[in-house]
Every structure is written in C-alpha cells, then in structure tokens.
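If you read the sequences in order, they're chains A and B.
Under the numbering used here, think of the first position of the first sequence as 259, with each following residue one higher.
Under the numbering used here, think of the first position of the second sequence as 259, with each following residue one higher.
For glycine and all other residues, C-beta sits at the position ideal for the given N, C-alpha and C.
Structure first, commentary second.
2 protein chains.
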Amino acid sequence: MAKKQHITLPDGFTAAGVHCGIKSSAKQEDLAIIACEVNASTAILTTSNQLVGAPIEWCRELLPKGHGRIRGVVINSGCANVFTGEQGMEDVEDMAERTGKVLGVASDKVLVASTGLIGQRLPIKKVRTGITKAGKALSTTNDEAAARAILTTDTKTKSAVAKTKIGAKEITVAGIAKGSGMIAPSLATMIAVITTDANITGSALRTAVRNASKTSFNAVSVDSDTSTSDIVVAMASGKSRGKLISSRGAGYKEFSDALQEVCDKLAYAVVADGEGATKVIHVHVKGAASKGDAEAAARSIADSPLVKTAMHGADPNWGRIVVALGKSPAKLDPEQLAVSIGETAVFRGGMGVKLSAAKKQKLVKHLKGKDVEITADLGGGKGNFTVMTCDLSRNYIKINADYST
Amino acid sequence: MAKKQHITLPDGFTAAGVHCGIKSSAKQEDLAIIACEVNASTAILTTSNQLVGAPIEWCRELLPKGHGRIRGVVINSGCANVFTGEQGMEDVEDMAERTGKVLGVASDKVLVASTGLIGQRLPIKKVRTGITKAGKALSTTNDEAAARAILTTDTKTKSAVAKTKIGAKEITVAGIAKGSGMIAPSLATMIAVITTDANITGSALRTAVRNASKTSFNAVSVDSDTSTSDIVVAMASGKSRGKLISSRGAGYKEFSDALQEVCDKLAYAVVADGEGATKVIHVHVKGAASKGDAEAAARSIADSPLVKTAMHGADPNWGRIVVALGKSPAKLDPEQLAVSIGETAVFRGGMGVKLSAAKKQKLVKHLKGKDVEITADLGGGKGNFTVMTCDLSRNYIKINADYST
C-alpha cells in the first residue's frame, strides 16, 4: 500500500491527484486537492507581477491580509486561467464552489491555483469532473499523485519534510512545489503548498512564510521572468495540539526553522529542475554596503546570460562575473572586490588571480559538478545575500523556442 | 584601387587596419587607427558599467568633460586590457605614445580603445609593431580594413554614412562599429567611431552624440550585459569650413539629424549581428505615464529570455510579452493595455484577441521575417520609448558556453 510520503505526514491532511483531461496524456495527473479536516490556519504569498491570473485574484480576495482559515486548495495544471476576462473569474468561482461541496464547506474556504498555458479558457466541464473524482480520491496515500498533478515542464516531483519539537510535541512541516522556468509551453508558475500540524496563528504563519521565502522562493531565479500565477500556500491544522504559536511566542523559532528547511529544499528543487538546467549556481554576495546592495549584486550575477552560459560550459570565466557586478547598482570598488568560484580565489586587487595548473584543475572540477558556488566579497560593508539560479543551456532555447502556440 | 568607403569620406580623415598578431589568424586584422589631419573636435561617450578597462580610464582622463581636441584613435581587438592592474594603464600609455609618434603629436592627443578577452595583458610588443605598421598604412583607401580590425565575434563589418547640407555646404557624417553580444570569447564591447567634416564645437558634438545615442546605442540590447569597454568616439575635422556649429546655433539640427541617421544604422547593425541573432526585434512602448516608465517597460520585454526565445521560434506568444510588462516597474492597467505584433492586435481589454485563420497567418508571416515589431500601448499617458534587441538562439549558447578560457 502507498503511504503518507510528505504533505499528508502532518496530522489532519489528505491529498489527491487525478487526470481530468486538461493535459492530453491520460497518464498525466492535472488536478490536485490538498485538504485539511478542519479549517486550517492558512497563509499565502502571491506573485509580485502587476498582472495576475484570476486564481490569484480569488485567493487575494479570500485572504486580503494574506492569512485566515481555509479548508483546502484545488490546483490544476495545463491551463493557467490568466488573461481570460470575466469568464476566468467565473471559472475560478466554479472550481471553488465545487471543491467546497466535495469538502463540505462554502466556496470561500477554498483556495484555487492554476498553472500552464495562458490566454486560454479552462475546460471547465473537465475540471468539474476532475474535482469530483479528486474528492473521492482524497486520502493519505496519494501524496505523490498530488505532487505530480501540479507539474508543467517540470521533469520530477518536488517535496520536502522537516520535523521539530516544540516543547514535548513533535510537529511536522511538509511541502510540494512546481517550478521549471516560467513557461511551459506558454507560462508556468512557481506554486508551493506547505502543510503542518503545528498549532499556529494565521498571522504568525504568514510572517514565518514570508521570512522563510526571502531566502528560498524569493531568492531563486531560473530566467528572471516572474509569472502571473506564483503562489505559496501554507496550511496549519493545529493537530499537534501544542500551545498556540504566535509570532513572538514560544515555539515560533523552532517552527520557523523547520519551515525554512522545507522552503529551502523546495526552492533548491525548483532551481535544479529549471528548464534546461544541468546545474545549480549558488551566488553569494557579502561585504556589501547594505543588504539591498548585496541582493542587487547577487541578482545581477544570477540573471546574467553570460554567467549562466559560462557555468553551463564549465568555463572559469570570472570576467563575466565581475562585469555583471559592475553593471549592478551596488556600490563597488574594484580594488576591494574579491571573487571566488568554489574554494578558488579568481579575482582580487582589481585583477585576475594567477592560477597554478593544480588550482585551475581544482576550479574546473568544481565547475563540472552539480552545484557551483560563486562568492563575491565587495569588501565595503556587512550586507550579504545569496541567490540560487541554474545554468543556461541549449535545452532552455529548445523548450521555449520550438513550441508554437 | 580601393577608395573612400565610409569613415574617410568626411574630409580630413585617414584610416588603417592591420594584423599584428593579437588574434591568431594572420588573415584577421586586429589593430586600427582612425586619424584626423588636424586636431579634431572630439566627443566621447563611455560605458555605464562601474568597472572599466584601462583604455576607458585613459579616454576619460584625456577628456574629463567628454569632449576636447584629439588627433586620432587607436583600437585593438582580441584583448580588452581590462582588469590588468597598473600594467594595463602602462600599456595604454605605451599605445597612445607610439600612436602619437606615428601621427606627430603628443600622447594626450590619442584616444585608445580595446576589445576582446579580459583579464589578460596586451601582447604589447606585437601591438607596438602593429601601430607602426598601421601608421604607414594610413590612407583613404583602407576604410574596410579598419572596420574589420575592430571586430570580435561580429560576423560582418558595420558602417554607415549620411550627408546633409548646412547652408550651402555639404557635410558628411560616417561611422563604423562593432558589437555582437558582450562576450567573444570572454568579453566583447560596443565600440563606434564616427567621423565628420562638420565644423562643430566639442561640446555641441558631445550633446549631439549623447542625444543621438539615447535612441540608438543606448536603446539596443543583445543580452542585457554591459561591457567594461563600451565607447563611442566622434571626431569632427571642420574641413567643410562652414560656420562653427554650436549646440544652439544654425546647422545644429541638420548635423544632429545626419548623426542620428548614422547612429541608428550602426545600432541596427550591432543588434542584427548580435551573437546567435537571426532577427531584430523592435519593441515600441507608448502611452506610458512617463518616458522613464516607457523605457522600463520596453527594456523588460526586450531583456526577457522568454520573449526572445518565442520570437526566435516565430511563436506569436503574446502572453510572454504581457507578463514581461507586468514584471516591469512601469505603471500598468491591464484593462487599458493593448499589444500588437506587426500590424496584428493580439491583446486588448485584459484578454487575448481572437484571431481569424487569415490574421494568424499574417501574424506568423511577420514573425518569420527579419524584423519583428512589438508595440505595447499602456493607455495611460504620453511616455514612449523604443528598444531594439535580437532573438535568443541555440547559437548564443553555443558561442558563449562552448568556449573554455
């Protein structure tokens, strides 16, 4: 028998993933429900893109402060329901209502997320049938089917679990995510659903999710494009029955650490499975005049196509890294700047470091690995920031150019 | 016999392009001199990258206000002389001094530009020999050799000529440029040299070049990376002997228009020959709340890898364009937004426009052409801006990933 694998490990949750026909292949699940047996303390984070899909609008209307009580979330892949006009919002309401019926609650207790093609209407009849089917399949044995059902061009499911003790009580935090570039074939999305049996207030959960995302979901980049459908949903069942956690009270730190671990693992999985990616590039900037400067500098490196192609080719081309730093708005003195790749210093005192054959070999070996570390010390302050990105390969072009809408 | 083709068409200029051994192939010219027979009224624009090569530092020191009187410019390709420490500046001074000797002037009348690999010292002995050789070759019959000598991964030379009348006098503006992505193999550069026989003050020339660049050199993007070596040099011999043009006086408008034409043509040539490019994408944003908003929105589209890959695949994927607009900081109301590709409206009233088969065919035909026009009307003001970029192809990855330093 299949068993609890991740999102139903926290007490109080069930999940289902079914095929309803949005995606053409009958083997591909395309609709998931993750439900809580009580109204879960819930927090959401949504995309920073100015233009958003109808599902995002719905979630923001339900939870205007970003937190509240929710029974479950329904997610479909294959169609993002974005730029679909009034019909798009009617279809979202339809999904929420039907899922509410299945869960025995009103539609305003149901979050909706969609990912996939944009500009096309949902095949709502298929979706309705899928919701009914998923409702019947809800259990603690379908975690992987749910994880599969939210994927687009992702090549694998993404999940993470962390456990911690709050006082004497063990609590579990788990999550699934999809990512994979922003387009697949037309537009994909970063969606993550996190479940926990911690007993935590909605506002504390929101604070914790926002903080954990800063260094995980918000610190990754596949191609610097920001989708109209990005959402992180965190639901807490409270089934661990510990003392209610507030954002300044006992247990918050322990909970946050576990949540951070889950978010970090999911974010890493999203980058590692980025469209065409063959490796993960960790860009660490330290010594910046401010945290903002550090972030700007790190993003300038992580978003540079020249850095990303060099890393793809395992090319120790520190020039591209330094040039990317120079074009960022971060305050920079080349004489103070030190750059290393892996453990090898490559730039210092305004010049490249002369490398022995042995050191060069070590550097290339690092560059050929699955994880590449780039560290830039600006030598001008205490600001630091880390961004994760992936390399840029022919496959990215293939995935994104060879498809015709 | 070869004859004046572009940069020596304006009276008073000679040019040379020679092979001195910086590039390995003996067939490839790698050093150029463009000289004026008098001290030319000269203006420069240099890169916005915070980190710059020694040649850029030299030019800025010679012309701290961006204009002055200069006899000539020496340019080498194959080595950018960037991040080369004090030695780098000594080598620049060496180049300027030797070129000055060849031209019969002091080194402070000679601008220096370099493009190519960064982080490596110039092979200065070869460069010295090259300068002597180029000095002997200076003539009005070597324009194309000079245009070739400044190329890196460019696949063709780039030149432009415009003529105009100022009063009764005909004046000529000509230019050559190199571009081609920012890296080739390690770092390339946008370099342009413009010559004219107009009789214009240095400060007026600088104002004219700065204005012309706003909508040409500064409005193009190949891969959003900014080099440490970018420079535009404009030299006016005054040989047309018209009345001296100041930035508010007679003739300035006519001169500026001719200069704009040359800059526009060179900028187009740079984009069209971008690394791996198969087409030029013209991104027009209008109806923005401000010019700044229009520029931010246009750049967000032009720098989006998803838009660039879609255009490469001739995919009418308006979703990617709208999403790129949404992630820009430009003020945006989706209901007011209208997007068209070529002459075909694709997005309006918050939704995609339903296209007939005939319209779709017309759209795809436009997308398969050499020039693609994207127009986004934000419907919220009078700000407008146009950016030119190229598509993103497998060849870009090939050029930039398959090389190992």
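C-beta neighbour in chain A for residue i, strict 7 Å
i      : result
B/R379 : no
B/G496 : no
Proximity winner among the options, relative to residue i (alpha-carbon distances)
i      : options                        : result
A/I265 : A/S614, A/A572, A/D455         : A/D455
A/D288 : A/A530, A/K628, A/T373, A/L650 : A/T373
B/F394 : B/T459, B/F605, B/G362         : The sequence given here places Lys at residue 394 of chain B; Phe does not occur at that position. Answer by Cα proximity: B/G362.
A/I503 : A/A616, A/A466, A/D531         : A/A466
A/R499 : A/I429, A/A527, A/T473         : A/I429
B/V276 : B/E512, B/L369, B/T300, B/V385 : B/V385
A/A665 : A/G627, A/E601, A/K628         : This structure does not reach residue 665 of chain A, given that chain A is present from 259 up to 663, and the question cannot be answered.
B/G639 : B/M569, B/V611, B/S558, B/K544 : B/K544
B/K421 : B/G326, B/I599, B/E519         : B/E519
A/P563 : A/D551, A/A494, A/S651, A/A492 : A/S651
B/L309 : B/V332, B/A284, B/F341         : B/F341
A/K383 : A/E631, A/V350, A/K414         : A/V350
A/I599 : A/K589, A/E319, A/P587, A/V565 : A/V565
A/S548 : A/Q345, A/I314, A/A284, A/N642 : A/N642
Chain B residues whose Cβ lies nearer than 8 Å to that of residue i
i      : result
A/G343 : G607, G608, M609
A/N658 : P563, L564, T567, A568, G571
A/L636 : What A/L636 touches in chain B: nothing, since even the nearest Cβ is about 11 Å away.
Residue i: contacting residues in chain B (beta-carbon distance under 7 Å)
i      : result
A/G584 : N307, Q308, L309, T486
A/V419 : None at all; the shortest Cβ gap to chain B is about 32 Å.
A/S651 : I655
A/V580 : L309, F341
Unbroken beta strand (DSSP E) run spanning residue i, endpoints
i      : result
A/E287 : Premise fails: A/E287 is in no beta strand (DSSP E) and is neither H nor E.
B/T602 : 602 to 606
B/H540 : 538 to 546
B/D635 : 629 to 635
B/S417 : 416 to 424
A/N642 : 641 to 648
A/V686 : In the structure as shown, chain A begins at 259 and stops at 663. Residue 686 of chain A is therefore absent and cannot be evaluated.
B/M493 : 489 to 494
A/T453 : 449 to 454
Cβ of residue i within 7 Å of any chain B Cβ
i      : result
A/P592 : yes
Boundaries of the alpha helix (DSSP H) in which residue i is found, first to last residue
i      : result
B/K387 : Per the sequence shown, residue 387 of chain B should be read as Thr rather than Lys. Element bounds for B/T387: 382 to 395.
A/K623 : 615 to 625
B/S335 : Element bounds for B/S335: not the alpha helix (DSSP H) but the beta strand (DSSP E), 325 to 337.
A/F271 : First-last for A/F271: 271 to 276, but that is the beta strand (DSSP E), not the alpha helix (DSSP H).
A/F513 : 510 to 530
B/E428 : Taken as a continuous stretch (DSSP letters only), B/E428 belongs to no alpha helix (DSSP H), being part of the beta strand (DSSP E) at 427 to 436.
B/N658 : 652 to 659
A/S558 : 549 to 560
A/V363 : First-last for A/V363: undefined, no H or E at that position.
Alpha carbon of residue i to alpha carbon of residue j, nearest angstrom
i      : j      : result
A/G577 : B/I376 : 6 Å
B/P268 : B/A535 : 32 Å
B/G608 : A/G358 : 28 Å
A/G532 : A/C648 : 7 Å
A/A418 : A/S282 : 29 Å
A/Q286 : A/M347 : 25 Å
A/D515 : A/Y654 : 34 Å
B/A616 : B/D573 : 16 Å
B/D522 : B/T473 : 8 Å
B/A470 : B/V360 : 32 Å
A/H325 : A/K501 : 19 Å
B/G330 : B/G571 : 44 Å
B/Y526 : B/V645 : 10 Å
A/H468 : A/L303 : In the sequence as displayed, the identity of residue 468 of chain A is Arg instead of His. For A/R468 and A/L303, the distance between alpha carbons rounds to 7 Å.
B/L595 : B/L613 : 18 Å
A/S461 : A/S505 : 7 Å
A/E593 : A/P381 : 59 Å
A/M448 : A/T413 : 14 Å
B/A442 : A/A290 : Confidence in B/A442 is poor, its pLDDT being 30 and thus under 50, which makes the residue's placement unreliable; the coordinate value appears in the next sentence. Taking the straight line joining both Cα atoms gives about 47 Å.
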